[in-house]
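Participant: Quick one: the structure is below, questions incoming.
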Amino acid sequence: MATEQSPSRATPPSATDDRPGGPLAGLRVIELAGLGPGPFCAMVLADLGAEVVRLERVGMPAADVGAVDRRQVLTRGRQAIGVDLKDRRGTELVLRMVDRGDVLVEGYRPGVLERIGLGPTVCLERNPRLVYGRITGYGREGPLAAEAGHDINYISIAGALAPIGRRGEAPVPPLNLVADFGGGGMLLAMGILAALYERARSNLGQVVDAAMVDGAALLTTMFHEIRGLSLWHDERGTNSMDTGAHYYNVYETSDGQFLSVGAMEDRFYRSFMKGLGFPEDGIPSKDDQSQWESLKRRVAEIFRTRTRDEWLETFTGTDACVTPVLSLGEAPTHPHNRDRATFVDVGGMLEPAPAPRFSRTPPPTPSPPPGPGIHAPEMLLRWGLTQPEIDELAQDRVID
């Protein structure tokens, strides 16, 4: 297969182009398939209009017609092809795509891509304008760099797990939202966009190295500030925002449902306490921490006297900062989320809509993810390959 030495830059789509719209229309992104934060980063870019191509393993079994839906929502909005990266022709194919790409996103462990000839040094020599986005757990340096881990491990090291939970109880893992997605995939997407902004001035790409432990630590910045002011205690569940206070907590109602309360400011707090039945002249001090434990018990008893919907009727329109704790299944049906179209139908599944919103270049509704093993090698024509080259690679199972 011939090597293309001169990069051909992507041009923004025209009004008749069938590629996505949105503020990132015309941006070409190569995603080396992985799990969790890397695909989430690529999804965010695709949601905003980038043309993202997901490179998966060859030989993935395709979904049968009528089979149970096994789609990965995180892979929505892009096409996929299978590429054998153990074959030299597979790595050469990726490098040809790098010639025409703007961004590469990868989440391999340190050293893996360098060993197969797809590390940033090689890719940036091919295309000096490439933004090479990498995400790892512990980063590429330090004594833990080569260690395996997951979100719970990264937030443990970052100091983000210890404060989450109730007094006298073990820390509570906040799903895998903090390191994988907030401090990982989303931070990588922001870093990529920052590098693209800088590229407009320098005409040069660079490596964006996002470590989930760094991102998780960054998300705790405000709590380091509060602690530095001696307003935060290291003992879990004793502070205003970690279930220590009665006005920032979760309470069960008589029907086994839950309400969240975030009445932190004085006027919201007074509205909250009055809604519970406290008289104006009998509202206990919000800031007297010696009363917090007894007030939590008292508030909990009051909430258990009515259903969730009855309490919501009481608090609606009062600025008391009381909201229902909705399940993943309930959230799309909430009137506010319905009115804002916070969730959209993507190929028959309700999923979170692209965010944020843009006044002039709104992104379209994402296309459904490719089903398992459903690949589209023909899109390589847009990336500079010829049909005979594609046919040869497919015949030799370098791609599928």
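This note's numbering applies: residue 4 is where the sequence shown begins, and numbers increase by one.
For every residue, glycine included, the Cβ atom is placed at its ideal position computed from N, Cα and C.
Small disclaimer: the values here were computed from a predicted structure and weren't measured.
1. Can you tell me whether arginine 60 is buried or exposed, with buried defined as 16 or more other CB within 10 angstroms of its CB?
2. Among residues of its own chain, excluding the 5 on either side of arginine 143, which ones have a beta-carbon nearer than 7 Å to its beta-carbon?
3. Between which two residues does the alpha helix (DSSP H) holding proline 123 run?
4. Tell me whether glycine 69 sits in a helix, a strand or coil according to DSSP, three-state version.
5. Excluding the 5 residues preceding and the 5 following threonine 53 in the sequence, name in chain order all residues of the same chain whose CB lies nearer than 6 Å to its CB.
6. Leaving out the 5 sequence neighbours to the left and right, which residues in its chain are closer than 7 Å to asparagine 206 when beta-carbon positions are compared?
7. With a cut-off of 8 Å on the beta carbons, I'd call aspartate 2 and phenylalanine 261 a contact; round off their distance for me.
8. Helix, strand or coil for threonine 224 per DSSP?
9. Taking the alpha-carbon positions, what's the glutamate 238 to isoleucine 167 distance?
10. Assuming the contact rule is C-beta atoms closer than 8 Å, proline 40 and glycine 187 should be a hit. Round their C-beta distance to whole Å, please.
11. Taking the beta strand (DSSP E) that isoleucine 33 falls in, what are its first and last residues?
12. Using only the alpha-carbon positions, how far apart do asparagine 340 and proline 355 sit?
13. Give a yes or no on contact between the stretch 320-337 and the stretch 271-281, applying the rule of three or more CB pairs nearer than 8 Å.
14. If you draw a straight line from the alpha carbon of arginine 103 to that of proline 365, how long is it in whole angstroms?
15. Can you name the residues that DSSP bridges to leucine 262?
16. For proline 335, write down the residues that DSSP places opposite it in a beta bridge.
17. Quick check on the DSSP output: the alpha helix (DSSP H) that includes glutamate 109 runs from which residue to which?
18. Which same chain residues end up closer than 8 Å to glycine 37 when comparing Cβ atoms and leaving out the 5 residues on each side of it in sequence?
19. So for arginine 273, helix, strand or coil by DSSP?
20. Would you check if the distance between the CB atom of arginine 208 and the CB atom of leucine 147 is smaller than 8 Å?
21. Does the beta-carbon of leucine 196 have 16 or more other beta-carbons within 10 angstroms, so that it is buried, or is it exposed?
22. With glutamate 95 as the anchor, note down where its alpha helix (DSSP H) starts and where it stops.
23. Give the straight-line distance between the Cα atoms of isoleucine 483 and aspartate 217, rounded to the nearest whole angstrom.
24. Should tyrosine 250 go down as buried or exposed, given a rule of 16 or more other Cβ atoms within 10 Å for buried?
25. Among the candidates Arg81, Thr224, Ala192, whose CA atom is the shortest distance from the CA of valine 210?
26. Identify, in the order they occur along the chain, each residue of the same chain with its Cβ nearer than 7 Å to the Cβ of alanine 344, setting aside the five sequence neighbours on each side.
27. Please report the distance separating the alpha-carbon of leucine 407 from that of leucine 383.
28. Return helix, strand or coil for tyrosine 200, following the three-state DSSP convention.
29. Is it true that the CB of glycine 259 sits closer than 8 Å to the CB of arginine 169?
30. Given that a residue counts as buried once 16 or more other Cβ atoms are within 10 Å of its Cβ, and exposed if not, what is glycine 185?
31. According to DSSP, simplified to helix, strand and coil, what is glutamine 209?
32. Assign phenylalanine 306 to one of two classes, buried (16 or more other C-beta atoms within 10 Å of its C-beta) or exposed (fewer than that).
Facilitator: Taking the definition as stated:
1. Position 57 of the sequence shown, counted from the first residue, corresponds to residue 60. Exposed, since its Cβ has fewer than 16 Cβ neighbours within 10 Å.
2. As a position in the sequence shown, residue 143 is number 140, starting the count at 1. Answer for arginine 143: Pro113, Asp212, listed in chain order.
3. Taking the first residue of the sequence shown as 1, we reach residue 123 at position 120. Counting along the chain, the alpha helix (DSSP H) containing proline 123 begins and ends at 123-129.
4. By one-based count along the sequence shown, residue 69 stands at place 66. Note that glycine 69 scores a pLDDT of 47, beneath 50, so its modelled location is shaky; the value from the coordinates is reported in the next line. DSSP places glycine 69 in coil when its eight states are reduced to three.
5. What you label residue 53 is simply residue 50 of the sequence shown in a count that begins at 1. A small fix is needed here, since residue 53 is alanine in this sequence, not threonine. Leu27, Leu30, Val32, listed in sequence order.
6. By one-based count along the sequence shown, residue 206 stands at place 203. Cβ neighbours of asparagine 206 beyond the five flanking positions: Arg132.
7. It is not possible to answer for residue 2, since the shown part of the chain is limited to 4 through 403.
8. Stepping through the sequence shown from its first residue, residue 224 is reached at position 221. Helix.
9. By one-based count along the sequence shown, residue 238 stands at place 235. By one-based count along the sequence shown, residue 167 stands at place 164. So the two alpha carbons sit approximately 10 Å from each other.
10. Against the sequence shown, residue 40 aligns to sequence position 37. Against the sequence shown, residue 187 aligns to sequence position 184. That pair is a contact at about 4 Å.
11. Within the sequence shown, residue 33 is the residue found at index 30, counting from 1. Its beta strand (DSSP E) spans residues 31-35.
12. Against the sequence shown, residue 340 aligns to sequence position 337. Against the sequence shown, residue 355 aligns to sequence position 352. Whole-angstrom Cα-Cα distance: 10 Å.
13. yes
14. Position 100 of the sequence shown, counted from the start, is the residue given in the question as residue 103. Position 362 of the sequence shown, counted from the start, is the residue given in the question as residue 365. Approximately 25 Å, taken between the alpha carbons.
15. For the purposes of this step, residue 262 is taken as residue 259 along the sequence shown, with counting starting at 1. Tyr254, Pro327, per the DSSP bridge assignment.
16. Translated into positions along the sequence shown, residue 335 becomes position 332. Paired residue(s): none; proline 335 is not in a bridge.
17. Sequence index remark: in the sequence shown, residue 109 carries index 106 (1-based). Element bounds for glutamate 109: not the alpha helix (DSSP H) but the beta strand (DSSP E), 106-109.
18. Looking up residue 37 in the sequence shown gives position 34. So the list reads Glu109, Gly110, Tyr111, once near-sequence residues are dropped.
19. Stepping through the sequence shown from its first residue, residue 273 is reached at position 270. Arginine 273: helix per DSSP, three-state reduction.
20. Numbered from its first residue, the sequence shown carries residue 208 at position 205. Numbered from its first residue, the sequence shown carries residue 147 at position 144. Rather than arginine, the amino acid found at residue 208 in this sequence is glycine. Not in contact: glycine 208 and leucine 147 (Cβ atoms no closer than 8 Å).
21. Looking up residue 196 in the sequence shown gives position 193. Buried is the call here.
22. Within the sequence shown, numbered from 1, the residue matching residue 95 stands at position 92. Where glutamate 95 is concerned, the enclosing alpha helix (DSSP H) stretches over 91-103.
23. An answer regarding residue 483 cannot be provided, because it is not within the stretch 4 to 403 covered by the chain.
24. Taking the sequence shown and counting its residues from 1, one reaches residue 250 at position 247. When all chains shown are included, tyrosine 250 counts as buried.
25. Here residue 210 refers to the residue found at position 207 of the sequence shown. Minimum Cα distance to valine 210 is reached at Ala192.
26. If you number the sequence shown from 1, residue 344 lands on position 341. Ala356, listed in sequence order.
27. With the chain running from 4 to 403 in the structure shown, residue 407 is simply not present.
28. Here the question's residue 200 lines up with position 197 in the sequence shown. In this structure, tyrosine 200 counts as helix in the three-state DSSP scheme.
29. Residue numbering aside, residue 169 sits at position 166 when the sequence shown is read from its first letter. Residue numbering aside, residue 259 sits at position 256 when the sequence shown is read from its first letter. Contact flag unset, no.
30. Here residue 185 corresponds to residue number 182 of the sequence shown, with the count starting at 1. That one is buried.
31. In the sequence shown, residue 209 corresponds to position 206, counting from 1. Glutamine 209: strand per DSSP, three-state reduction.
32. As a first step, residue 306 is located in the sequence shown; it is residue number 303 there, counting from the start. Label assigned to phenylalanine 306: buried.
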